[in-house]
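Read left to right, the sequence shown gives residues 10 to 326 (the working numbering).
A short worksheet on the structure shown next.
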Amino acid sequence: MLVTMKFLMTMMLLAGANLFAAPDDCDRSCLKNMMDQYVGAVAKHDPSAAPLFAGFRQTENAVVVRPGTGLWKTMTGLGKLQRRYLDAVTGQAGYFGTIDEGSNQAIVTLRLKVEHRKIAEAEWLLARKGDAGLNGPAAPGQPAGNFFDPENLAANPPPERTLPKEARSSREAMVAATNSYFDGITTHDGSIIMAHSGCARTENGALVTGRAGRGGSGTTDCTSNLQTINVQMVAARRYPIVDEEAGVVLAIAVFLRKPGTTTRRNALSEWFVIDKNKIRSIYSAMFYPPPEAPVPNWPPYDGNWPLPASFAAPQNP
């Protein structure tokens, strides 16, 4: 009798837990709906048209903006290229592609986090024509240093697919392949990257692989020429979205330069297309913040990464 009562009480507790948990569940269909509502509201310049959480937080290139400002004023619609990626495990949805700002375009990554069927976070990484590049803002008579080619991105987009179950990689394998790319950059050793031969990388719409290597011998891929790359560390790595059905991982990180160099950091989002546990292609949206700008400005890396030298405490005499 005692066993039976304990069993019944346990079942009642589980049923109650499921009852209270159910409204918080947001599956792939729910996440897509949240994404569509949010971007529609931004394009209409109407925060009330999206189910925003009471503590909603939005950043645009790591700068916090309140609803009704920033893209809420400038965005007029989605662009030619639209990709949506969904992760019901983390409760996050992503958009990669282009958006319209009147007659202008931007290449963007958008990360949304959903809590209690409300949008709690919106993180935008944007690239626009004429943005500052490695060497800062454009100088008179000189173009900005950032890549920007939305037409090429639309002509050569990430695949739009739903992989059959037998062809999907595990979440752990997908993140491991993605992390191996950043490890290859940090160690300047492309041989440790888990990638298919010929893996392509597209940066702000511009293809940066596939060109002839030094001396004209062969062509480059996403594992090439890392011995001399001006990156000391790939810091503040996050992998907020792993879409197993699409075979895509979103990574967000910061490229820190070698000591003594004056070139700017990259704050970047990269979408990794994974086939058979290896990287097939990479698509990025990135920007080059000034030294004083706090990036990525999201937990667990809330502040600047790293602090600029000008912020260091003075040394005691």
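Every residue, glycine too, gets a C-beta built ideally from N, C-alpha and C.
Note that the coordinates shown come from a computational prediction; the quantities given were computed from them, not determined experimentally.
Open item on the list: Tell me the DSSP secondary structure of Thr-107 in three-state form.
Closed with: strand
Open item on the list: Beta-carbon within less than 7 Å of Asp-252's beta-carbon, same chain only, minus the 5 sequence neighbours each way: which residues are those?
Closed with: Tyr-94, Leu-95 and Asp-96
Open item on the list: I'd like to know if the segment 123-132 and the segment 176-183 are in contact, where contact means that at least 3 CB-CB pairs between them fall below 8 Å.
Closed with: no
Task: Beta carbon of Ala-204 nearer than 8 Å to that of Ile-288 - done: yes
Open item on the list: Could you check whether the segment 267-275 touches the segment 181-199, counting it as contact only if at least three pairs of C-beta atoms, one from each stretch, sit closer than 8 Å?
Closed with: As far as the Cβ criterion goes, the segment 267-275 does not touch the segment 181-199, which means the pair count is below three.
- [ ] Would you kindly work out how many angstroms separate the C-alpha atoms of His-53 and Thr-83, rounded to a whole number?
- [x] At residue 53 the sequence reads Lys, which differs from the His that was named. C-alpha separation (whole angstroms): 10 Å.
- [ ] Tell me whether the beta-carbon of Ala-262 lies closer than 8 Å to the beta-carbon of Phe-191.
- [x] yes
TODO: Enumerate in chain order the residues of its own chain whose CB-to-CB distance from Thr-68 is below 8 Å, with the five nearest sequence positions on each side excluded.
DONE: Val-74, Ala-131, Glu-132, Trp-133, Asn-306 and Trp-307
TODO: Measuring only between beta-carbons, confirm whether Met-242 sits less than 8 Å from chain C.
DONE: No chain C is present in this structure, which holds just one protein chain.
Open item on the list: According to DSSP, is Gln-46 part of a helix, a strand, or is it coil?
Closed with: Looking at Gln-46 - three-state DSSP - the assignment turns out to be helix.
Open item on the list: Just to confirm the assignment: which complete beta strand (DSSP E) runs, minimum length 3, are found wholly within the segment 64-117?
Closed with: 72-74, 86-96 and 101-110
TODO: Have a look at the DSSP bridge pairing and note the partners of Glu-212.
DONE: Ala-215 and Ser-293
Open item on the list: For a test of the three-state rule: what should DSSP assign to Pro-308, helix, strand or coil?
Closed with: Look at Pro-308 here: in three-state DSSP terms it is coil, with no helix or strand label.
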